[in-house]
Amino acid sequence: MSVWTVIAAALLLALAGCGAIVERSADRAVARAEDRWPPVGQFTEVDGARVHYVQQGQGPDVVLIHGAGGNLRDMTFSLLPRLVERGFRVTAFDRPGLGYTDRIDESYAGAFNTRAESPQQQAALLARAAQQIGVENPVVVGHSFGGSVAMAWALDHDAAALVSLAGAIMPWPGDVATSYKLLGSRLGGATLAPLAAALIDPMETAGRVEPIFAPNPMPDGYLAHIGPGLSLRPGQLRANARQVQALKGHLRTMVPRYDTLSIPVELVHGTADDTVGLEIHSVAAADILPNANLTVLEGVGHMPHHAREGAVVEAILRAAERAGLR
Numbered sequence: 001m002s003v004w005t006v007i008a009a010a011l012l013l014a015l016a017g018c019g020a021i022v023e024r025s026a027d028r029a030v031a032r033a034e035d036r037w038p039p040v041g042q043f044t045e046v047d048g049a050r051v052h053y054v055q056q057g058q059g060p061d062v063v064l065i066h067g068a069g070g071n072l073r074d075m076t077f078s079l080l081p082r083l084v085e086r087g088f089r090v091t092a093f094d095r096p097g098l099g100y101t102d103r104i105d106e107s108y109a110g111a112f113n114t115r116a117e118s119p120q121q122q123a124a125l126l127a128r129a130a131q132q133i134g135v136e137n138p139v140v141v142g143h144s145f146g147g148s149v150a151m152a153w154a155l156d157h158d159a160a161a162l163v164s165l166a167g168a169i170m171p172w173p174g175d176v177a178t179s180y181k182l183l184g185s186r187l188g189g190a191t192l193a194p195l196a197a198a199l200i201d202p203m204e205t206a207g208r209v210e211p212i213f214a215p216n217p218m219p220d221g222y223l224a225h226i227g228p229g230l231s232l233r234p235g236q237l238r239a240n241a242r243q244v245q246a247l248k249g250h251l252r253t254m255v256p257r258y259d260t261l262s263i264p265v266e267l268v269h270g271t272a273d274d275t276v277g278l279e280i281h282s283v284a285a286a287d288i289l290p291n292a293n294l295t296v297l298e299g300v301g302h303m304p305h306h307a308r309e310g311a312v313v314e315a316i317l318r319a320a321e322r323a324g325l326r
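Numbering (the working numbering), first residue to last: 1 to 326.
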């Protein structure tokens, strides 16, 4: 179902006075999604906000941070267990407002607008959570939007090394997609987000997920594992849209500090990534970061940790070795 179909349906329902029906249908869809894809880890609390995480293994700490719209299940599909096999203690987090981690309280606002949690705010919350559960001097790994959170973590908090997987870590030309603007607006968030939850079958979303992997195939079983119904919850749709829409502005404040980052950095990016461009993000960042190593994966799209998991594991091992953890 296209975003314009959803918009048209929302307008028709609004005109018909069916908002209450949509809300009830959305609430039922949320309940079904959370029943089908419940929390798979544990919770810790930071200043009243619950943070959902999975932690497994023994050895040096690795933290995994997922990208936009998703949750930590993206990391537990295969990357987390493979890193555990290689002798790491691995912690995957749900980012604020996504999965089962709460949105950030006003106490974390600082100079930022809490309608859209900044990478800096998210890193502060997750770093506090990591400290509470015993994570020390981690290799911080972030995919896509999670790359910006990993970068903010490395700039401001305890980290031994940084690994960015197709990370959105530099300001880019142009604007975000219209769907983010609509879902992030007050009107769109109040009407379109509940309508999407009510009308879209989570297991019929392969056509929207597969392009994220392109030109590589989506792994068998991925959709059922990731829990697309969680991404369709109105609260997560709104939070994600607002975070993505605000990201470029926050990156502009972070980039001038990149040349101060002395820890080892591994950048992994595919040449076929048309979601987060290789040249705009990883190549440009490698020119600024003083201790960066760039691995370019030919023919790989936006999901290198699935398409070329072995190369990603090697980059994480290399980061740990460069940091003196192995």
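All C-beta atoms in this analysis are idealised placements derived from N, C-alpha and C, irrespective of residue type, glycine included.
Quiz item: Below 9 Å between beta carbons: does that hold for V141 and V54?
Solution: Walking along the sequence shown from the start, residue 141 turns up at place 141. Walking along the sequence shown from the start, residue 54 turns up at place 54. No.
Exercise. Provide the residue(s) that pair with A92 in DSSP beta bridges, ordered along the chain.
Key: Mapped onto the sequence shown, residue 92 falls at position 92. V54, L64.
Practice problem: Leaving aside the five residues before and after L251 along the sequence, list all residues of the same chain whose C-beta is less than 8 Å from its C-beta, in chain order. | Solution: The residue given as residue 251 occupies position 251 in the sequence shown. Closer than 8 Å at Cβ, skipping near neighbours: P119, S148, A168, I169, M170, P171.
Quiz item: Quick one: Cα of R326 to Cα of V30, how far?
Solution: Residue mapping note: residue 326 aligns to position 326 of the sequence shown, counting from 1. Residue mapping note: residue 30 aligns to position 30 of the sequence shown, counting from 1. The alpha-carbon atoms of R326 and V30 are separated by roughly 43 Å.
Quiz prompt | Opening and closing residue of the alpha helix (DSSP H) in which S179 lies | solution = Position 179 of the sequence shown holds residue 179. Note, S179: alpha helix (DSSP H), 178-184.
Quiz item: Is it buried or exposed for L247, if we count other Cβ within 10 angstroms and need 16 for buried?
Solution: Reading the sequence shown from its first residue, position 247 is the one you call residue 247. The residue is buried, with at least 16 neighbouring Cβ atoms inside 10 Å.
Self-check item: Rounded separation between V51 and T76 - CA only
Solution: Here residue 51 is taken as the residue at index 51 of the sequence shown, counted from 1. Here residue 76 is taken as the residue at index 76 of the sequence shown, counted from 1. When rounded, the distance between both Cα atoms is 16 Å.
Quiz item: By how many angstroms is the C-alpha of G59 removed from the C-alpha of A311?
Solution: For the purposes of this step, residue 311 is identified with residue 311 of the sequence shown, where counting begins at 1. For the purposes of this step, residue 59 is identified with residue 59 of the sequence shown, where counting begins at 1. One C-alpha to the other measures close to 20 Å.
Quiz prompt | Closest by C-alpha distance to Q122, when choosing among D102, G229, V163, E266 | solution = Along the sequence shown, read from residue 1 onward, the residue named residue 122 stands at position 122. Taking only the C-alpha atoms, the option nearest Q122 is D102.
Exercise. Could you tell me the boundaries of the alpha helix (DSSP H) in which S78 lies?
Key: Translated into the one-based positions of the sequence shown, residue 78 becomes position 78. Per DSSP, S78 belongs to no alpha helix (DSSP H) and is neither H nor E.
Quiz item: Are the region 236-245 and the region 256-275 in contact at 8 Å, needing three or more beta carbon pairs?
Solution: no
Quiz item: Looking at the structure shown, is T191 part of a helix, part of a strand, or coil, going by DSSP?
Solution: Position 191 of the sequence shown, counted from the start, is the residue given in the question as residue 191. In this structure, T191 counts as helix in the three-state DSSP scheme.
Quiz item: Do you know how far the Cα of A159 is from the Cα of V313?
Solution: The count along the sequence shown starts at 1 and reaches residue 313 at position 313. The count along the sequence shown starts at 1 and reaches residue 159 at position 159. The alpha-carbon atoms of V313 and A159 are separated by roughly 18 Å.
Self-check item: Cβ-Cβ distance between V46 and L72 below 9 Å
Solution: Counted from its first residue, the sequence shown places residue 46 at position 46. Counted from its first residue, the sequence shown places residue 72 at position 72. Cβ distance not < 9 Å, so V46 and L72 don't count as in contact.
Quiz prompt | Nearest-angstrom Cα separation, counted from G301 out to D274 | solution = Here residue 274 refers to the residue found at position 274 when the sequence shown is read from its first residue. Here residue 301 refers to the residue found at position 301 when the sequence shown is read from its first residue. Going by the C-alpha atoms only, they are around 7 Å apart.
Exercise. Please say whether L294 and A286 have beta carbons closer to each other than 9 Å?
Key: As a first step, residue 286 must be located in the sequence shown, where it is residue number 286. As a first step, residue 294 must be located in the sequence shown, where it is residue number 294. Result yes, Cβ atoms of A286 and L294 sit closer than 9 Å.
Self-check item: Residue of M218, E210, P202, P217 minimising C-alpha distance to P228
Solution: As a working note, residue 228 is residue 228 in the sequence shown. Comparing Cα positions, the closest option is P202.
Quiz item: For Q42, which residues of its own chain have a beta-carbon under 7 Å away from its beta-carbon, when the five flanking residues on both sides are left out?
Solution: Residue numbering aside, residue 42 sits at position 42 when the sequence shown is read from its first letter. Around Q42: Y53.
Quiz item: Excluding five sequence neighbours on each side, which residues of the same chain lie with their C-beta closer than 7 Å to the C-beta of Y258?
Solution: Mapped onto the sequence shown, residue 258 falls at position 258. So the qualifying residues of the chain are A285, I288, L289.
Self-check item: Beta-carbon spacing of G270, A166 below 9 Å
Solution: For the purposes of this step, residue 270 is taken as the residue at position 270 of the sequence shown. For the purposes of this step, residue 166 is taken as the residue at position 166 of the sequence shown. The answer is yes: Cβ separation under 9 Å.
Practice problem: My understanding is that F93 touches G57, with C-beta atoms under 8 Å, so please give their C-beta distance in whole angstroms. | Solution: The residue given as residue 93 occupies position 93 in the sequence shown. The residue given as residue 57 occupies position 57 in the sequence shown. F93 to G57, Cβ: 15 Å. No contact.
Exercise. Tell me whether N137 sits in a helix, a strand or coil according to DSSP, three-state version.
Key: Indexing the sequence shown from 1 puts residue 137 at position 137. DSSP places N137 in coil when its eight states are reduced to three.
Practice problem: Quick one: give me the first and last residue of the beta strand (DSSP E) that N240 is part of. | Solution: To locate residue 240, count along the sequence shown from 1; it is residue 240. Here N240 belongs to no beta strand (DSSP E); instead the alpha helix (DSSP H) covers 234-254.
Quiz item: Leaving out the 5 sequence neighbours to the left and right, which residues in its chain are closer than 7 Å to I212 when beta-carbon positions are compared?
Solution: Counting from one through the sequence shown, the residue named residue 212 turns up at place 212. Cβ neighbours of I212 beyond the five flanking positions: T275, H302, M303.
Self-check item: Assumed close pair A206, L223 - CB separation to whole angstroms, cut-off 8 Å
Solution: Mapped onto the sequence shown, residue 206 falls at position 206. Mapped onto the sequence shown, residue 223 falls at position 223. That belief holds up - the Cβ atoms of A206 and L223 are roughly 6 Å apart, short of 8 Å.
Quiz item: Which residue from L261, I133, V176, P96 puts its Cα closest to that of H66?
Solution: If you number the sequence shown from 1, residue 66 lands on position 66. If we check each option's Cα against that of H66, P96 comes out closest.
Quiz item: For H302, does the three-state DSSP call read helix, strand or coil?
Solution: Your numbering for residue 302 matches position 302 in the sequence shown. H302 falls in the coil class under three-state DSSP.
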